[in-house]
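These protein sequence lines map, in sequence, to chains A and B.
Heads up: the first sequence begins at 1 in this note's numbering, then just goes up one per residue.
Heads up: the second sequence begins at 1001 in this note's numbering, then just goes up one per residue.
Number of protein chains: 2
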Amino acid sequence: MIPARMTVVTLGAHDMPTMRAFYRSLGWREASGSDEHSMFDTGGGIVALFPSQDLADDANVAHSAPAEFPNFTLAINLESREAVDAAFKTLRDLNVSVTKEPGDTFWGGYSGYFADPEGNLWEIVWGPTFRFDERGALILND
Amino acid sequence: MIPARMTVVTLGAHDMPTMRAFYRSLGWREASGSDEHSMFDTGGGIVALFPSQDLADDANVAHSAPAEFPNFTLAINLESREAVDAAFKTLRDLNVSVTKEPGDTFWGGYSGYFADPEGNLWEIVWGPTFRFDERGALILND
Chain A
1 MIPARMTVVT
11 LGAHDMPTMR
21 AFYRSLGWRE
31 ASGSDEHSMF
41 DTGGGIVALF
51 PSQDLADDAN
61 VAHSAPAEFP
71 NFTLAINLES
81 REAVDAAFKT
91 LRDLNVSVTK
101 EPGDTFWGGY
111 SGYFADPEGN
121 LWEIVWGPTF
131 RFDERGALIL
141 ND
Chain B
1001 MIPARMTVVT
1011 LGAHDMPTMR
1021 AFYRSLGWRE
1031 ASGSDEHSMF
1041 DTGGGIVALF
1051 PSQDLADDAN
1061 VAHSAPAEFP
1071 NFTLAINLES
1081 REAVDAAFKT
1091 LRDLNVSVTK
1101 EPGDTFWGGY
1111 SGYFADPEGN
1121 LWEIVWGPTF
1131 RFDERGALIL
1141 ND
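Written out as structure tokens, the structure reads:
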């Protein structure tokens, strides 16, 4: 079997300085960074940035212009509705693009979305059944 | 600040049964699943699947056809070159599309890439400085 791990998400970046500055502006710890790469420690997982063309080259696939919709999202699961609201207040103070203001979800949770400077989408979400480990990683129910 | 967490990656899926079957075929534990969603426990992080159109709707953004290059990759960091080779043997046995056979990297590591049925790219990688926590999540160097 293939080990069931999702250790790093790497976002193809078209403007590295802007993308790095953006994630730094969230208060995230940049564990490693240069003009050509950047890695942020995100608790359970790791989010990395890498130039889009170089990322395609590294995977040995053809590069192409990004789609309008990126076809994936990242999520930040939090412990309460109030924590979600506080995060969106910070995003507004940072003039971050909010695509969906936080609100109740059909499944009993509370969530909103923001976009990074290149349209990568992040959900900030609370749910009544969420549990977390000591690192803040979400624990999935069995 | 925004809590530095990357708890879930959700891949927009165009063919949910095929995508679910693919990740199950890797031997991954599907902690939650239905015709409309699927969540796999991946140690440090969580990889989820959700229909592409629904994902755009949930984020309140316009949907569009995916680009040829997805502009992000996921990584599975492993403890040795041999573990990387063993994983690629499994992938070949499963007739998975390998975009790059494992080989030495310029930075002293060893990695290859495969694509899921919709072209989402995964790197399987070993590096001489990798350390892991008890869940198998990668520990970034300070």
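Each residue gets a CB set at the ideal place from its N, CA and C atoms; glycine is no exception.
From residue i to residue j, what distance separates their C-alpha atoms?
i, j, result
"B/I1046", "B/V1008", "5 Å"
"A/E134", "B/L1138", "15 Å"
"A/T10", "A/L49", "5 Å"
"A/L55", "B/Q1053", "25 Å"
"A/A4", "A/M19", "29 Å"
"A/G26", "A/D93", "Looking at the sequence provided, one finds Leu at residue 26 of chain A rather than Gly. Cα to Cα, the separation comes out at about 11 Å."
"A/R29", "A/H37", "14 Å"
"B/E1068", "B/G1112", "19 Å"
"A/G127", "A/G108", "7 Å"
"B/G1033", "A/T105", "18 Å"
"B/D1035", "B/T1090", "27 Å"
"A/E101", "A/S64", "31 Å"
"A/A58", "B/F1130", "Looking at the sequence shown, residue 58 of chain A is not Ala but Asp. About 19 Å."
"A/D41", "A/Y23", "11 Å"
"B/Y1110", "A/G103", "44 Å"
"A/D15", "A/A21", "10 Å"
"B/P1017", "A/A31", "38 Å"
"B/E1123", "A/P66", "20 Å"
"B/N1060", "B/N1071", "20 Å"
"A/T73", "B/F1132", "25 Å"
"A/F114", "A/A62", "29 Å"
"A/A13", "A/P51", "5 Å"
"A/M39", "B/M1039", "25 Å"
"B/V1125", "A/V125", "31 Å"
Taking 9 Å as the CB-CB limit, is residue i close to chain B?
i, result
"A/D142", "Residue placement at A/D142 is poorly supported in this model, since its pLDDT is 49, which falls under 50; the coordinates still yield a value, given next. At least one chain B Cβ lies under 9 Å of A/D142."
"A/A21", "no"
"A/Y110", "no"
"A/R81", "no"
"A/R5", "yes"
"A/T18", "no"
"A/E123", "yes"
"A/G33", "no"
"A/R29", "yes"
Identify the continuous beta strand (DSSP E) that holds residue i and give its terminal residues.
i, result
"B/L1091", "No beta strand (DSSP E) holds B/L1091; the alpha helix (DSSP H) holding it covers 1081-1093."
"A/T10", "8-13"
"A/S38", "38-42"
"B/N1077", "1072-1078"
Would residue i pass as an interface residue toward chain A - the criterion being a Cβ-Cβ separation below 9 Å?
i, result
"B/R1131", "no"
"B/N1095", "no"
"B/W1126", "no"
"B/G1012", "yes"
Quick one: give me the first and last residue of the alpha helix (DSSP H) that residue i is part of.
i, result
"A/A56", "52-59"
"A/S25", "16-25"
Determine, for residue i, whether the minimum Cβ-Cβ distance to residues of chain D falls below 9 Å.
i, result
"B/T1073", "Of the chains in the structure shown, none is chain D; the protein chains are A and B."
TODO: Give a yes or no on contact between the segment 1082-1102 of chain B and the segment 1118-1129 of chain B, applying the rule of three or more CB pairs nearer than 8 Å.
DONE: yes
Open item on the list: If the cut-off is 9 Å on Cβ atoms, which residues from the segment 65-76 of chain A count as contacting chain B, listed in chain order?
Closed with: A65, P66, A67, E68, F69, P70, N71, F72, T73, L74, A75, I76
TODO: Count the CB pairs spanning the segment 1062-1081 of chain B and the segment 80-94 of chain A that are closer than 8 Å, and state whether there are at least three.
DONE: A contact between stretches requires three or more CB pairs, one per stretch, nearer than 8 Å, and the segment 1062-1081 of chain B fails this requirement with the segment 80-94 of chain A.
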